[in-house]
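Here's the structure we're looking at; comments come further down.
Residue numbers (the working numbering): 15 to 305.
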């Protein structure tokens, strides 16, 4: 019969652990001598140093092929995307007219967004360009020469500019809200093929158009002038101010959901691609509650 193993006391177990951590006879720490620990640490230092150097070399080679001023590949961007301001989670603009805490953050967001559009700021930073034509600026043998940006004055947004004493809440305090639309920036993008471009907005379902009411767009007809194109990138187009279109919902029915879709209209654009719902268009929900 096999004999039962001799039971060890707690003191014996602790003594064995102390000896494992540091054995004064063999001068081993955790089972290794100082020479053994030095060799293994040297191995890992060389090994991981080699990996770090290889990674750094790979990144350096990759960065040499990247132009910091213009994306190397952008052939998929046939139609730019669109977005709304104020920022709303899930593109859902919902507020209660009588409860300022439900729309005050939306107003603050619009103020912050439009601050660079102040007429005084635009006059100091940007140029008065010739409307109706592209603002092309060749490098003239000086690569990535800084480009001038065209003025987009906040005042042309009318009652949606938030400048007047009765307009400083962009209509949210009266149930006549403004929503701003902006086209995403695409470097060297020439929309419209030298023809006018504009933004159109409507209810997604025709039967809801009467409940949404007539929409007012600023600038008139939701037009976007060609002089704001092309965009040359943030490194050379430092003060570029992208154009925006304001939509005023003056008579939207309260206490119901309105599904709105806005599209960019221009020659050569394809805003009907069902594979990309943000190509040249944006859809959002508007709900104006009243107690």
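Note that beta-carbon positions come from the ideal geometry of N, C-alpha and C, so glycine has one too. Source: prediction; values computed, not measured.
Neighbourhood of residue i by C-beta, 6 Å cutoff - its chain only, sequence neighbours within 5 removed
i: residue 232; result: 171, 172, 174 and 260
i: residue 246; result: 161
i: residue 106; result: 299
i: residue 267; result: 225
Assumed close pair residue i, residue j - CB separation to whole angstroms, cut-off 8 Å
i: residue 163; j: residue 251; result: 6 Å
i: residue 109; j: residue 303; result: 7 Å
i: residue 150; j: residue 257; result: Actually they are not in contact, since the Cβ atoms of residue 150 and residue 257 sit about 17 Å apart, beyond 8 Å.
i: residue 211; j: residue 238; result: 5 Å
Separation of residue j from residue i, as counted between CA atoms
i: residue 306; j: residue 99; result: Outside the shown range of the chain, which is 15 to 305, sits residue 306, and nothing can be said about it.
i: residue 295; j: residue 60; result: 54 Å
i: residue 184; j: residue 145; result: 27 Å
i: residue 77; j: residue 69; result: 12 Å
i: residue 112; j: residue 279; result: 36 Å
i: residue 114; j: residue 188; result: 11 Å
i: residue 32; j: residue 47; result: 15 Å
i: residue 53; j: residue 103; result: 56 Å
Of the listed residues the options, nearest to residue i (C-alpha basis)
i: residue 270; options: 248, 223 and 236; result: 223
i: residue 281; options: 205, 71 and 51; result: 205
i: residue 191; options: 146, 263, 56 and 39; result: 263
i: residue 169; options: 97, 144, 156 and 130; result: 130
i: residue 121; options: 181, 30, 53 and 54; result: 181
i: residue 235; options: 242, 194 and 214; result: 214
i: residue 167; options: 228, 154, 158 and 136; result: 136
Close beta carbons around residue i, own chain, < 7 Å, minus the five adjacent residues each side
i: residue 95; result: 198, 292 and 293
i: residue 36; result: 43
i: residue 97; result: 196, 198 and 296
Cβ shell of residue i (< 8 Å), same chain only, five flanking positions each side left out
i: residue 27; result: none
Length at least 4, wholly inside the segment 36-114: the alpha helix (DSSP H) runs in chain order: Runs of the alpha helix (DSSP H) lying entirely within the segment 36-114 and spanning at least 4 residues, in chain order: 48-78.
Entirely enclosed beta strand (DSSP E) segments - the segment 232-300, minimum 3 residues: 258-263 and 271-279
Runs of alpha helix (DSSP H) wholly within the segment 113-147 (minimum 4 residues, chain order): 118-128 and 133-139
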